[in-house]
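Working notes, beginning with the structure itself.
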């Protein structure tokens, strides 16, 4: 457990263009995520936060730099199923029931039926959808679908959870409820989380640290320590002074960079 | 609720048939004997018993012997011809579906194959059937493998397959490409390869595209069989029967309608079979918008 969940140093990703030098999506990114830590990536569109997440997930390959997941290469970590992932779209398979969707990774990796059943029952309990085990995704609300997607990401008990704006498509009420759920789930599973979002309150409420990024080229401009003790993240926190202080600090970090970069756009 | 809707669909379907029959009989009763002419051209047929026999005559004719005074009744002769053609059409359909599936898989797997094959697939359907029928027969006649010799039936089945493979190839290709990027990313993170992604994701996702393609292929296979029977000159099927009976229209006007009805029945049987297939695949059709 000595190696960090994610270790990133001097990471760069350049998307080649047909003409010209290509688009630099990420440049000189350094980041360490400790085991069990919740880290949010926040920033305006095009700041490379999703690219960074996809690199960690080995859905994309960096152009330069070091990237390790639990001390292994990203590819090896993916092969070993060291992480679970959830996207903005729940991405459930419409022809499988809730149970079938949650156990999909287990089925694909040839885990025995009995073990699958126990795991699915446990996860259904965790996301509070035990009564919907036999339902199909089209019979569920958006929030419920996203909960199933999170359960699926947790199916192989990963020590790292990668989430790409998982609540981005939900309405505000559902969103807050899902955030509370996620806090509880993380406390129970003790997985490290890398969470991409563009909502400041969401990042502050959920995270131990908020990584603020800026575009062109995508890089980290600031890391805000929210420094809340575990057990402090409940409904009351949303109206607490420390929460507002955290929101203010993240906002300042974002604005300190967004102004010059906006001017940069005008010059083009 | 679903039962009510199903009953309504059934009733509407029957109503359509009744309306068609009524239109036939009403036009026959009130239409002019010489048909409706517009600028010297006939736009509606003559209403005499020779051109438009009563529906009741067509039905009673089915019970009379097909040829002469004794022998099998007409309906039995038509039924035999229908089964003969249906068997060939089914063979053609199966071959066509397999070829279509194979091409779609190849085109999905290899970009190059799609660029190279797809234009030819589309082009193949612009060649008139009458042009390829004699070719297929001539080439086929040279094939002898062991005890197997190529028959005209094989030629007809090949032509049916030639029409049937097209909608399957195009439809299934679209279906195989239909999964979201999210689903494909997910499969990648699970570390599963192309084959398992195919069976777990792409094929199930293509079912909503596959079924209409299969239905089109069934209709095409039936049409291909009927037309190819005529152009190849294969006896025993419904296509040839339509031509033969049309010649006796003068003396026996109700008779030619029997094989025409038979051809329609084959088409319905083929479409019905695909509906049954759709019922089997129902779990994979949840993404489909209910029609």
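Protein chains in written order, with our numbering: chain A, 128 to 395; chain B, 6 to 296.
Every residue gets a Cβ at the ideal spot worked out from N, C-alpha and C, and that includes glycine.
Bear in mind that the values here come from a model prediction, so they are computed numbers and not experimental data.
Residues bridged to residue i [DSSP beta-bridge criterion]
| i | result |
| --- | --- |
| residue 260/B | DSSP output for residue 260/B lists no bridge partner at all. |
| residue 169/A | 324/A, 339/A |
| residue 213/A | 290/A |
| residue 134/A | 159/A, 195/A |
| residue 140/A | 153/A |
| residue 70/B | 78/B |
| residue 228/B | Residue 228/B is not bridged to any residue. |
| residue 153/B | 150/B |
| residue 188/A | According to DSSP, residue 188/A bridges with nothing at all. |
| residue 83/B | Bridge partners of residue 83/B: none, in fact. |
| residue 346/A | 341/A |
| residue 43/B | 46/B |
| residue 352/A | 336/A |
| residue 319/A | 287/A |
| residue 200/A | 195/A |
8 Å Cβ shell around residue i - same chain, five flanking residues per side excluded
| i | result |
| --- | --- |
| residue 282/B | 216, 219 |
| residue 221/A | 263, 264, 265 |
| residue 261/B | 247, 250, 251, 253, 254 |
| residue 208/A | 232, 236, 283, 285 |
| residue 242/A | 233 |
| residue 51/B | 38, 39, 40, 57 |
| residue 290/B | 212, 213, 216, 283 |
| residue 387/A | Per-residue confidence for residue 387/A stands at a pLDDT of 43, beneath the threshold of 50, marking its modelled position as unreliable; the derived number appears in the next sentence. So the list is empty, once near-sequence residues are dropped. |
| residue 172/A | 325, 342 |
Beta-carbon proximity check, residue i vs residue j, cutoff 8 Å
| i | j | result |
| --- | --- | --- |
| residue 194/A | residue 275/A | no |
| residue 145/B | residue 226/B | no |
| residue 217/A | residue 273/A | yes |
| residue 180/A | residue 323/A | yes |
| residue 291/A | residue 214/A | yes |
| residue 30/B | residue 60/B | yes |
| residue 346/A | residue 166/A | no |
| residue 321/A | residue 182/A | no |
| residue 106/B | residue 175/B | no |
| residue 186/A | residue 193/B | yes |
| residue 156/B | residue 237/B | no |
| residue 374/A | residue 331/A | yes |
Cβ neighbours of residue i in the same chain (closer than 6 Å, five flanking residues each side left out)
| i | result |
| --- | --- |
| residue 111/B | 118 |
| residue 278/A | 229, 250, 254 |
| residue 245/A | none |
| residue 63/B | 259, 262 |
| residue 168/B | 225, 229 |
Residue i versus the options, residue with shortest Cα-Cα distance
| i | options | result |
| --- | --- | --- |
| residue 281/A | 200/A, 269/A, 247/A | 247/A |
| residue 205/B | 308/A, 235/A, 130/A, 338/A | 235/A |
| residue 267/A | 226/A, 290/A, 285/A | 226/A |
| residue 276/B | 46/B, 114/B, 223/B | 223/B |
| residue 177/B | 8/B, 123/B, 278/B | 123/B |
| residue 239/B | 78/B, 142/B, 191/B | 142/B |
| residue 151/A | 381/A, 341/A, 353/A | 341/A |
| residue 258/B | 136/B, 229/B, 71/B | 71/B |
| residue 232/B | 138/B, 102/B, 40/B | 138/B |
| residue 368/A | 328/A, 349/A, 338/A | 328/A |
| residue 191/B | 205/A, 133/A, 350/A | 205/A |
| residue 339/A | 309/A, 176/A, 132/A, 161/A | 176/A |
| residue 148/A | 344/A, 360/A, 252/A | 344/A |
| residue 221/B | 93/B, 285/B, 165/B, 199/B | 165/B |
| residue 139/A | 131/A, 174/A, 316/A | 174/A |
| residue 300/A | 270/A, 145/A, 132/A, 348/A | 270/A |
| residue 127/B | 108/B, 136/B, 140/B, 114/B | 108/B |
Same chain only: Cβ atoms within 7 Å of residue i, ignoring 5 sequence neighbours per side
| i | result |
| --- | --- |
| residue 270/B | 87 |
| residue 183/B | 210, 211, 214 |
| residue 136/A | 157, 192, 193 |
| residue 395/A | For residue 395/A, the pLDDT reaches just 36, beneath the cut-off of 50, and the residue's location in the model is therefore unreliable, although a value from the coordinates is still provided. If we look at residue 395/A and ignore the five residues flanking it on each side, it has no Cβ neighbours. |
| residue 272/B | 224, 227 |
| said: Output needed in chain order: residues of the segment 276-291 of chain A with a Cβ under 7 Å from some Cβ in chain B. | reply: Hits within the stretch: zero.
| task | Could you list the residues in the segment 12-44 of chain B with a C-beta less than 7 Å from some C-beta on chain A, going in chain order? | result | Within the segment 12-44 of chain B, no residue qualifies.
| Which of the residues in the segment 250-280 of chain A, read from start to end, lie with their CB under 7 Å from any CB of chain B? | Those residues of the segment 250-280 of chain A that come within reach of chain B (Cβ to Cβ, closer than 7 Å) are 263, 265.
| query | If you measure beta-carbon to beta-carbon, which residues of the segment 49-61 of chain B are closer than 9 Å to chain A? | reply | The residues in question: there are none.
| message | Counting only Cβ-Cβ distances shorter than 9 Å, please list the residues of the segment 257-277 of chain B near chain A, keeping chain order. | response | Answer in chain order: no residues at all.
| task | With 8 Å as the C-beta to C-beta threshold (strictly closer), list the residues of the segment 148-177 of chain B near chain A in chain order. | result | Result list empty, no residue passes.
| query | Can you list, in chain order, the residues of the segment 197-208 of chain A whose Cβ is nearer than 8 Å to any Cβ on chain B? | reply | Cβ contacts with chain B: 205, 206, 208.
| request: Could you please tell me which residues of the segment 193-209 of chain B, in chain order, have their CB closer than 9 Å to any CB of chain A? | output: Taking a C-beta cut-off of 9 Å against chain A, the contacting residues of the segment 193-209 of chain B are 193, 194, 195, 196, 197, 201, 205, 206, 209, listed in chain order.
| request: Please list the residues of the segment 276-291 of chain B that have a C-beta atom closer than 9 Å to any C-beta atom in chain A, keeping them in chain order. | output: Result list: 288, 289, 290, 291.
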